[in-house]
Structures are given as structure tokens and as C-alpha cells.
Ligand code: MG
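In our numbering, the protein residues as written are 4 to 172.
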């Protein structure tokens, strides 16, 4: 078997955030943001940064493809510097680390009971393509529910899976 480094790399990213009401007593969620786009929702992600699970999963997919430290290692949730941070910063940093590689395509699945992402899916896709510096045709986002079962299905969490393919520039 050759030890030659291949010209393509695949990466997988996964993220989950608890969802909580935006106001009231008890744990509070941050306003719902997905792929950098704001959604109208009574609940939002609990998180140290802005809690954008889609951008976190995509960031980890890029870092994973290149066998680099993950998002939690690069941007620890114990660092006050990242409190409320716009997650676009994390993705931009991962893209810098991926210098010498280009994105072939990204495919992501957002699993969320409410709100439905369908109406804003194209907007999210467009924004992700902008951040990644690729054409919209290279970015795909699918919305699913969790069929009302388990924490995600009961609306208590959001889950995102992302797969990315990179090739050498
Ligand atoms: Mg996260």
C-alpha cells in the first residue's frame, strides 16, 4: 500500500444543543440562529457561543477532514472570549487552517422539531455558501424532525450532522 497522501479528504461533524425558552425562570436559550440566519422561535439553543449548531457541525467537519483539533479544543466553552460569539468566527478560523484545500461539497442534516427550517432553507444555504466561498450548488441542507421521540423529538434539543469533502487546491 502506498503512503502517498491522497488529494481528497472527507470530514464528518456533529453537534447537539439543548433548547430552552428565551425568557422566564430556569435555563434560558439564546435566540435561534442556524447557519448564521435568525429564526423566529420561542426556544433557542443553550450554549456558550451563539449556539449555531449548523455552523459548529460544519466547522468540525472541516477540522475533522484534516485531522486537526476539534472545535471544542480550539474554542473552549470555558473561555470567556467566546461567550455569545458569532459562530461564523469559528468557521472562518477552520477555513484558514484548511488553506491549500478547497471544498468539493457539503451535505448537512438539521434535526429539529420546531421551528421548521423549510421556509428559510435557501437563505441558510446561500449564507453558508457565502461563508465557505463556494457556489450554492456545492452546499446542501436537509431538515428533518425526530418524530416526536426522545429529547430532539420532544423539542428539547437540536441536532446537526454534516459531511464535507475537500480536495487539494
Ligand atoms: Mg455547538
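Note that CB positions come from ideal geometry on N, CA and C, so glycine has one too.
Residues bridged to residue 48 by DSSP?
-> 22
Decide yes or no for the touch test of the segment 117-129 against the segment 74-87: beta carbon pairs closer than 8 Å, at least 3 of them.
-> no
Looking at residue 87 and the ligand MG, is the gap between the Cβ and the nearest heavy atom below 8 Å?
-> Answer for residue 87: no, Cβ out of range of the ligand MG.
DSSP beta-bridge partners of residue 168 = 13 and 108
Measure the beta-carbon distance from residue 167 to residue 11 and round it to whole angstroms, keeping in mind my assumption that it falls under 8 Å.
-> Actually they are not in contact, since the Cβ atoms of residue 167 and residue 11 sit about 11 Å apart, beyond 8 Å.
Residue range of the unbroken beta strand (DSSP E) whose run includes residue 143 = 142-147
Residues with C-beta closer than 5 Å to any heavy atom of the ligand MG, in chain order = 18 and 59
From the DSSP output, in three-state form, read off residue 120 for me.
-> coil
Integer Cβ distance of residue 144 from residue 115, believed to fall under 8 Å = Their Cβ separation, rounded to whole angstroms, is 12 Å, which puts residue 144 and residue 115 out of contact at 8 Å.
At what residues does the alpha helix (DSSP H) containing residue 93 begin and finish?
-> 91-100
Using alpha carbons as the reference points, say which of 53, 7, 96 and 61 lies closest to residue 165.
-> 61
Kindly indicate the opening and closing residues of the alpha helix (DSSP H) around residue 62.
-> For residue 62, the enclosing alpha helix (DSSP H) has its first and last residue at 56-68.
In the structure shown, what three-state DSSP assignment does residue 137 receive?
-> coil
On a CA-only basis, which of 78, 38, 67 and 102 is nearest residue 171? Give me that one, please.
-> 102
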